[in-house]
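In the working numbering, the protein residues as written are 101 to 730.
What follows is a short report on a single structure.
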Ligand SMILES: *Cc1c(COP(=O)(O)O)cnc(C)c1O
């Protein structure tokens, strides 16, 4: 959006030129940037671009039949499958074209989403590719072993104690293909120690500390000052140790992870050159069983809804092709065999499968209607002026003069604070002026295209005319990365899209925390519809919430996980195959250490014999915490 194009330009520009530029901007909410053809807008609705193409609204309505309510988390297994296929196809095709004589193997890093709603669907699809798991803690490893019935490969990262090492050995003993990746030299000692009581030793991998590191928010995982991995000196010591203990033939893999959401292809290429050379050097030193490089995660997801907010400068094809070509080149140069390639992409595989539906329950300006004006015998001058403007809009037909009225209105609204403080306005006047101001803004926005405002105005005006949408969700629970990392998720109304969205929008959640707000950002503006919530519903969808958000979500204000459905789609329609109702208040309180019986007895003591009160309390304790308006 051009900054600094101010009002003066407008008034001096000839009208003809002005109207020529009035191109109606389509409300596609940046689908072309983030949706990867997974969703489309048709007949005013957001539809899933798969099979029978159901609309999200139909799915929400069906969920309501099942006594579920917004906030609602919808999981689409076909989108997990799409990502898995995409990853395998891309690697296989490029490896084939490059005559790359190594294997490709993907594992899913459990830390990205351990919820059964996701993992069980993942497991239904994964045998197709022998897709494996990456575990980073004892609990994750035990979970990986438990659900991995097809015995696909498991890599184990993270800091380890002898217990975790023993779990890995036990898994090997029952037939799992485990690679224990050490993060430090002492971990190697645990392996030697634990191995004494086992017949089978898992594969051993070493995490390398690269000079290269990622770029962007998550860059900390790589580089010499990162928390993880062995330096060159430590690597050589580990190598000698493995030799000395006659464990070298278990050493099969080197691993690195330069950070999540890698935004630049240069970073990837640099890291691959470094790790490719380390691999070749180790093989030359005599690591004959070293056959694989595990590239970690980091393949980025496009979250941006605007051209200017791109998250990466590469395509999946470019990413993969660079990896394959560089590794082949280095292997040729140093006369070693090409490594097998393991990846641990989490965000790429899981982000797009989940959509959060939230309902708008209040608009900030919804009471600002003519009926609410307080009639007075004497009105202040500013109220009279605003009334005049309100009437004048009807007879105004040129955009210039309408914008002029908008400027006047904003100026008047700016002055009410001072006038009120100085005592020129009383509370009733102030309320009336606020109402008139909003009435004017709404009327003007109906008459002109919002792109007029975006193109020609100082962007500050967008804030003046913004609407606040109160949504029945907790950002802390459902989009914690927005709170923690200012990570944006695409936001789209799932219906009403046949109408123009006119209001610059900011979003409030129902927590009592001022951080529970997605402010209007003039550099990535969100426009929503002017809706009368008394008359109609308004649902918004938040996309790409399938990676990290499920597990990082927190119970701020005791808002727990929303209702959840799994939706399978085919050519004939869609089916809600599984329903997970959100926890009731008894259960939520239990999760913070107040058991049902304790809460009940504490309450009953106060209620004494008033049974009616207890009945009511019990009803609410067995209900949910999100807002209800039945
Ligand atoms: C977090 C992590 C991943 C996943 O990263 P994504 O950006 O989600 O692909 C993979 N491997 C390791 C070691 C990690 O710590």
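For glycine and all other residues, C-beta sits at the position ideal for the given N, C-alpha and C.
Exercise. Taking only the alpha-carbon atoms, compute the straight-line gap between residue 266 and residue 223 and give it to the nearest angstrom.
Key: Counted from its first residue, the chain shown places residue 266 at position 166. Counted from its first residue, the chain shown places residue 223 at position 123. Distance between the alpha carbons of residue 266 and residue 223 is about 25 angstroms.
Quiz prompt | Close-in-space but distant-in-sequence residues of the same chain around residue 519 (CB under 8 angstroms, 5 per side omitted) | solution = Position 419 of the chain shown, counting from 1, holds the residue named residue 519. Result list for residue 519: 480, 482, 525, in chain order.
Quiz item: What is the DSSP secondary structure of residue 665, reduced to helix, strand or coil?
Solution: If you number the chain shown from 1, residue 665 lands on position 565. It is a strand residue.
Practice problem: Leaving aside the five residues before and after residue 121 along the sequence, list all residues of the same chain whose C-beta is less than 8 angstroms from its C-beta, in chain order. | Solution: By 1-based counting over the chain shown, the position of residue 121 is 21. At residue 121 the pLDDT is 35, less than 50, meaning the model places this residue with poor confidence and gives no usable figure here.
Quiz item: Do the CB positions of residue 241 and residue 256 come within less than 7 angstroms of each other?
Solution: In the chain shown, counting from the first residue as 1, residue 241 sits at position 141. In the chain shown, counting from the first residue as 1, residue 256 sits at position 156. Against a cut-off of 7 angstroms, the Cβ pair of residue 256 and residue 241 comes out as a contact.
Quiz item: Where does residue 654 land, buried or exposed, given buried means 16+ other C-beta within 10 angstroms?
Solution: To locate residue 654, count along the chain shown from 1; it is residue 554. By the neighbour-count rule (16 or more Cβ atoms within 10 Å), residue 654 is not buried but exposed.
Self-check item: Proximity winner among 219, 140, 406, relative to residue 622 (alpha-carbon distances)
Solution: As a position in the chain shown, residue 622 is number 522, starting the count at 1. The shortest C-alpha separation from residue 622 is found at 406.
Self-check item: Whole-number beta carbon distance between residue 430 and residue 354, since they are thought to touch under 8 angstroms
Solution: The count along the chain shown starts at 1 and reaches residue 354 at position 254. The count along the chain shown starts at 1 and reaches residue 430 at position 330. Between residue 430 and residue 354 the Cβ distance is about 13 angstroms, and since that is not below 8 angstroms, they are no contact.
Quiz item: Does at least one heavy atom of ligand 1 sit under 6 angstroms from the Cβ of residue 447?
Solution: Locating residue 447 in the chain shown gives position 347, where the first residue counts as 1. At least one heavy atom of ligand 1 is nearer than 6 angstroms to the Cβ of residue 447, so yes.
Practice problem: Report yes if the C-beta of residue 472 is less than 6 angstroms from at least one heavy atom of ligand 1; otherwise report no. | Solution: Walking along the chain shown from the start, residue 472 turns up at place 372. Not under cutoff, so the answer is no.
Quiz prompt | Local Cβ density within 10 Å of residue 698, reported as buried at 16 or more and exposed below that | solution = Along the chain shown, read from residue 1 onward, the residue named residue 698 stands at position 598. Exposed, because fewer than 16 other Cβ atoms sit within 10 Å of the Cβ of residue 698.
Exercise. Can you grab the Cα-Cα spacing for the pair residue 432 / residue 377, in whole Å?
Key: Here residue 432 is taken as the residue at index 332 of the chain shown, counted from 1. Here residue 377 is taken as the residue at index 277 of the chain shown, counted from 1. Each residue's alpha carbon lies about 11 angstroms from the other.
Practice problem: Report whether the distance from the Cβ of residue 221 to the nearest heavy atom of ligand 1 is below 6 angstroms. | Solution: By 1-based counting over the chain shown, the position of residue 221 is 121. Answer for residue 221: no, Cβ out of range of ligand 1.
Exercise. State the start and end residues of the unbroken beta strand (DSSP E) segment that holds residue 394.
Key: Along the chain shown, read from residue 1 onward, the residue named residue 394 stands at position 294. From DSSP, the beta strand (DSSP E) with residue 394 extends over 392 to 394.
Practice problem: Determine contact between the region 656 to 675 and the region 166 to 180, defined as no fewer than three beta-carbon pairs at a distance below 8 angstroms. | Solution: yes
Quiz item: Taking residue 475 as the reference, which of 523, 453, 531, 521 has the closest Cα?
Solution: The count along the chain shown starts at 1 and reaches residue 475 at position 375. If we check each option's Cα against that of residue 475, 531 comes out closest.
Practice problem: Using only alpha-carbon positions, find the residue among 208, 237, 218, 216 that is nearest to residue 230. | Solution: Taking the chain shown and counting its residues from 1, one reaches residue 230 at position 130. When only C-alpha atoms are compared, the closest one is 208.
Practice problem: For residue 502, I'd like the list of residues in its chain whose CB is within less than 7 angstroms of its CB, leaving aside the five on either flank, ordered along the chain. | Solution: As a working mapping, residue 502 is identified with position 402 in the chain shown. Taken in chain order, the residues that qualify are 493, 496, 544, 547, 548.
Practice problem: Starting from residue 155, follow its DSSP beta bridges and name the residues at the other end. | Solution: By 1-based counting over the chain shown, the position of residue 155 is 55. Per DSSP, 147.
Practice problem: Given a cut-off of 7 angstroms, decide if residue 541 and residue 565 are closer than it, judged by their beta-carbon atoms. | Solution: Numbered from 1 along the chain shown, position 465 holds the residue referred to as residue 565. Numbered from 1 along the chain shown, position 441 holds the residue referred to as residue 541. Yes.
Exercise. Taking residue 349 as the reference, give the member of 356, 340, 357 with the closest Cα.
Key: As a working note, residue 349 is residue 249 in the chain shown. Measuring from the Cα of residue 349, the nearest candidate turns out to be 340.
Quiz item: Taking the alpha helix (DSSP H) that residue 304 falls in, what are its first and last residues?
Solution: Working through the chain shown from its first residue, we reach residue 304 at position 204. Looking at the DSSP string, residue 304 is not in any alpha helix (DSSP H); the run it does join, the beta strand (DSSP E), is 303 to 307.
Quiz prompt | Rounded Cβ spacing between residue 458 and residue 640 (contact assumed at less than 8 angstroms) | solution = Residue 458 sits at position 358 when you count from the first residue of the chain shown. Residue 640 sits at position 540 when you count from the first residue of the chain shown. Confirmed, about 5 angstroms.
Quiz item: Heavy atom of ligand 1 less than 6 angstroms from the Cβ of residue 444, yes or no?
Solution: Within the chain shown, the letter at position 344 stands for residue 444. Answer for residue 444: yes, Cβ within range of ligand 1.
Quiz item: Shortest alpha-carbon distance to residue 559 belongs to which of 535, 601, 510, 592?
Solution: Translated into positions along the chain shown, residue 559 becomes position 459. Measuring from the Cα of residue 559, the nearest candidate turns out to be 510.
Quiz item: So does the region 410 to 422 actually touch the region 357 to 364, counting three or more Cβ pairs closer than 8 angstroms?
Solution: yes
Quiz item: Between 295, 286, 684, 528, which lies nearest to residue 272 when the distance is taken from Cα to Cα?
Solution: On the chain shown, residue 272 is found 172 positions in, with the first residue counted as 1. The option with the nearest alpha carbon to residue 272 is 295.
Quiz item: Would residue 710 be called buried (16 or more neighbouring beta carbons within 10 Å of its own) or exposed?
Solution: Sequence index remark: in the chain shown, residue 710 carries index 610 (1-based). Exposed, because fewer than 16 other Cβ atoms sit within 10 Å of the Cβ of residue 710.
Self-check item: CB of residue 646 within 7 angstroms of CB of residue 454, strictly
Solution: Numbered from 1 along the chain shown, position 546 holds the residue referred to as residue 646. Numbered from 1 along the chain shown, position 354 holds the residue referred to as residue 454. The answer is yes: Cβ separation under 7 angstroms.
Practice problem: Run the proximity test for residue 357: is its beta-carbon closer than 6 angstroms to any non-hydrogen atom belonging to ligand 1? | Solution: Locating residue 357 in the chain shown gives position 257, counting from the first residue. Residue 357: yes, Cβ under 6 angstroms from ligand 1.
Quiz item: For ligand 1, is there a heavy atom less than 6 angstroms away from the beta-carbon of residue 360?
Solution: Residue mapping note: residue 360 aligns to position 260 of the chain shown, counting from 1. Flag set: Cβ of residue 360 near ligand 1.
Exercise. Spell out a yes or no on whether the region 587 to 602 and the region 624 to 634 are touching, meaning 3 or more CB-CB pairs, one atom from each, closer than 8 angstroms.
Key: yes
Quiz prompt | Beta-carbon proximity check, residue 538 vs residue 648, cutoff 7 angstroms | solution = Position 438 of the chain shown, counted from the first residue, corresponds to residue 538. Position 548 of the chain shown, counted from the first residue, corresponds to residue 648. No, the pair does not count as a contact, with Cβ atoms beyond the cut-off.
Quiz prompt | Backbone CA spacing between residue 288 and residue 153 [nearest angstrom] | solution = Here residue 288 corresponds to residue number 188 of the chain shown, with the count starting at 1. Here residue 153 corresponds to residue number 53 of the chain shown, with the count starting at 1. Taking the straight line joining both Cα atoms gives about 53 angstroms.
Quiz item: Just checking, does the region 385 to 394 make contact with the region 436 to 447 on the three C-beta pairs under 8 angstroms criterion?
Solution: yes
Quiz prompt | Cβ-based burial, residue 201 [other Cβ within 10 Å; buried from 16] | solution = What you label residue 201 is simply residue 101 of the chain shown in a count that begins at 1. Flag for residue 201 reads exposed.
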